[in-house]
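Working notes, structure below.
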Amino acid sequence: MKKILVVVLAVILLTAVFTGCASKTYEIAMITDAGEIDDKSFNQGTWEGIVEYAKANDISYKYYKPTEVSTDAYVAAIDLAVTGGAKIVVTPGYLFEPAIFVAQDKYPDVSFILLDGTPHNEDYSEYRIEKNVYSIFYAEQQSGFLAGYAAVKEGYTKLGFMGGMAVPAVIRFGYGFLQGAEYAANEMGVSSVEVKYHYTGDFAATPKNQTTAATWFADGTQVIFAAGGKVGNSVMAAAEAADAKVIGVDVDQSPESKTVITSAKKELAVSVQAGLKSYYDGAFKGGVSETLDITIGAVGLPSDFSRFTTFTQADYDAIYAKLVADTDGIRSGIVKDTDADGNSVDVTALPLSIVKVTVVE
Amino acid sequence: MNTLYFLVQQTMFFSIPLLIVALGGMFSERSGVVNIALEGIMLIGAFASIFTINALQDYMSGQGLLLIAILVSMAAGMIFSLLHAYASINMKADQVISGTALNMFAPAFAIFVARTIQGSKDINFLNTFRIESVPLLGDIPVVGPLLFQNCYITTYIGLIILVISTIVLYRTKFGLRLRACGEHPQAADSVGINVYKMRYAGVLISGAFAGLGGLIFVVPTSTAFSADVSGYGFLALAVLIFGQWKPQRILWAAFFFGFMKTVSAAYSGIPGLKELDISSDIYKMIPYIATLVVLAVSSRNSQAPKAEGIPYDPGER
């Protein structure tokens, strides 16, 4: 009796699974990067853009979570998405670069939007972008620049930078932050600005990260720019205890804690929607790799400046306009994670004279 | 001096959860049940209690709310540990497998429930529990800043649990019986002790303490809970072994681990240490190297309960 019951149940379950699969397809697919879909940061920002666009245009959409962080798992997730009927696949994160390199040949009829990266093979020996791939980079250094500028303009002279893992986007945020602080110090005639600079090596809220931040605050640091997902929550916890300030990242993080004075944003949702729109308008920028920057409003600070006391909207608008216009080469002069030849730049090689950087391993 | 105070205060955030969870593990293991599910139980305890805080924080705040959260975390931990108890005591399952199953189940469950209820796996909470300075006690020179400033009542609860645990384990009939069940359950049974009951008690206590440890772990160090306790359940197991299953040694082990963890994260802001320029990796290694050394030296006469990990079989002699 028991055995029969088991068999019957198994059959019912299988039928349900198969009919479930066959009945529906999803046109827009997103594959999540390391972390969850609701990480309040990269994945979520991308996803919200997709959902908004798909709902407005009545297109089916779905996200797929790879089983692990590896190129094979990412390609497998793309396989799954294409099998599920995906016509356009959005992949956020530079970790997808080798996976898209494989997928662009495997699925020539499917289009891909790759954020924060451009397709290349595993050992970086070959870079190639096909007609079905649109690769987007962000000028994080400009967003970081604005955050550093605002912090020093506000009157802070002891700053901290806690990045997550030292991936290109995080490094660009950090370098921009340092140079923005330098620019403001120069403008105001401040004699010295000290910055502690650290990559935590994770994107998690841990006692370790909280302690690091708490120690810096106890040592006199006034504000920490937390560019590493959940690392920010630990920094906020430390800031609440020490009555200090935090600068958030990626999206406006001010609702998470009253200590967040501003956030270095990049407009993921907007650019993803632009990419999707171009695809459905038949004007997909396949084979193009472009960097979205401040000139089209892709990076910046949130419009609420109420948590500052001396830095104002007018100050922000002024520096923003300068960056957009590239006055005196201010925008093009910001050093990124790599130089013009693609070699990585060390933090000690940045053009800083007033800002003293202490790198914490 | 201020630096020292600060270091001690920070060390508490690491050490107290480790202490409580390791004490929980001690009760389970001394009753004869290996509990590597501590990580998963911590997570469930933290999840249930942070969720409670999130739901109630619009109506109340401060120590009252924290006390409610503490009770919820202990209850949740106990209920969750029942699964482990049933599998390993009644069903005589392999205790390591059962514990692993709980560890894998816990984060998935927490994320699923949080998403279903509120649409996001992150549960935000307002930390209204920090005590700037305990009245009167906080003004005592030296001791005040060390123990009674910038603290949480959970610190004292942890220390009280330590004292009670020591007394219960060594000075009560219950403690004696519990230890007997972990050393030689057949002998205990022969004098009329119900081994199943004692082992259930051991696992349930470990569930309550581990759940509480999860809450204490999350509150001072973040503003949101995202189904993660960063492997501190496993670290507590190391503390338990380093402490040789004895409450006082566990206390020292917890503080040693906590202090080294604090130094590795904080050295960049401590005068004297930041000039030394020793890589933080060295500090991070020290507790584990010490564990290995202690294990290597003491494994000959290791104090591990003799019947630990072996399902009770009344027929065996």
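One line per chain: the protein sequences are U and Y, in this order.
Under our numbering, the first residue of the first sequence is numbered 1, with each subsequent residue one higher.
Under our numbering, the first residue of the second sequence is numbered 1001, with each subsequent residue one higher.
Positions of the beta carbon are idealized from the N, C-alpha and C atoms, including for glycine.
Keep in mind that this is a model prediction, so the values were computed, not measured.
query	result
Nonlocal neighbours in the same chain, by C-beta distance under 8 Å from Val324(U), ignoring five residues either side	Ile294, Thr295 and Arg331
Beta-carbon proximity of Pro1017(Y) to Gln1186(Y), cut-off 8 Å	no
Beta carbon proximity, Ser1061(Y) to chain U, threshold 8 Å	no
Closer than 8 Å to chain A by CB, Asp219(U)	Structure shown: chain A not included; protein chains present are U and Y.
Beta carbon proximity, Asn1124(Y) to chain U, threshold 8 Å	yes
Contact set between the region 1170-1195 of chain Y and chain U, restricted to residues whose Cβ is under 8 Å from the partner	none
Alpha-carbon to alpha-carbon, Ala218(U) and Phe1330(Y)	No answer is possible for residue 1330(Y): it lies beyond the span of chain Y, which begins at 1001 and ends at 1317.
Where the beta strand (DSSP E) through Met162(U) begins and ends	Lys158 to Gly163
Contiguous alpha helix (DSSP H) assignments of at least 4 residues, all confined to the region 232-280 of chain U	268-280
Residue burial classification, Leu1043(Y) (beta-carbon count within 10 angstroms, cutoff 16)	buried
CB contact check: Asn121(U) to chain Y, cutoff 8 Å	no
Asn1103(Y), enclosing alpha helix (DSSP H) - first and last residue	Gln1095 to Gln1118
Cβ shell of Ser60(U) (< 6 Å), same chain only, five flanking positions each side left out	Tyr26 and Glu27
Opposing strand residues paired with Glu122(U) [DSSP bridges]	Beta-bridge pairing links Glu122(U) to no other residue.
Pairwise C-alpha distance: Gly201(U) and Leu1136(Y)	42 Å
Span separating the alpha-carbon of Ala1266(Y) from that of Tyr199(U)	14 Å
Beta strand (DSSP E) segments (min. 3 residues) lying fully within the region 130-218 of chain U	133-138, 158-163 and 193-199
N-terminal and C-terminal residue of the beta strand (DSSP E) that Ala29(U) is part of	Ile28 to Ile31
Minimum length 4: unbroken alpha helix (DSSP H) runs contained in the region 1158-1221 of chain Y	1173-1183, 1185-1190 and 1195-1218
Neighbour flag for Asp250(U) against chain Y, beta carbons, 8 Å	no
Contact set between the region 1203-1227 of chain Y and chain U, restricted to residues whose Cβ is under 8 Å from the partner	Phe1217, Pro1220, Thr1221, Ser1222, Thr1223, Ala1224 and Ser1226
Min CB distance Thr1262(Y) to chain U below 8 Å	yes
Neighbouring residues, chain U, relative to Ser1015(Y) (Cβ below 8 Å)	Within 8 Å Cβ-Cβ: nothing; Ser1015(Y) doesn't reach chain U, min ~10 Å.
Cross-chain neighbours of Trp216(U) in chain Y, by beta carbon under 8 Å	Ser1268 and Gly1269
Residue(s) in a DSSP beta bridge with Val355(U)	Val193(U)
Best match in Ile1282(Y), Thr1262(Y), Ile1250(Y) and Ala1254(Y) for proximity to Thr1166(Y) [C-alpha to C-alpha]	Ile1250(Y)
Beta-carbon contacts of Val1096(Y) that lie in its chain and below 7 Å, excluding the five residues immediately before and after	Val1034 and Ile1036
8 Å Cβ cutoff, Ala1069(Y) in contact with chain U	no
Where Ser1165(Y) meets chain U, residues with beta-carbon distance less than 7 Å	The premise fails here: Ser1165(Y) is roughly 23 Å from chain U at the closest Cβ pair, so nothing lies under 7 Å.
Own chain partners of Arg1177(Y) with C-beta closer than 8 Å, once the 5 adjacent residues on each side are dropped	Ala1188, Ile1193 and Met1198
Host beta strand (DSSP E) of Thr91(U) (start-end)	Ile88 to Pro92
Chain Y residues whose Cβ lies nearer than 7 Å to that of Asn233(U)	Ser1222, Thr1223 and Ala1224
Rounded straight-line distance, which links the Cα of Pro92(U) to that of Thr83(U)	20 Å
Validate contact between the region 134-148 of chain U and the region 104-124 of chain U using beta carbons, cut 8 Å, 3 pairs	yes
Meets three-Cβ-pair contact criterion under 8 Å: the region 1061-1072 of chain Y and the region 1127-1145 of chain Y	yes
Start and end residues, alpha helix (DSSP H) containing Tyr1283(Y)	Ser1280 to Ser1298
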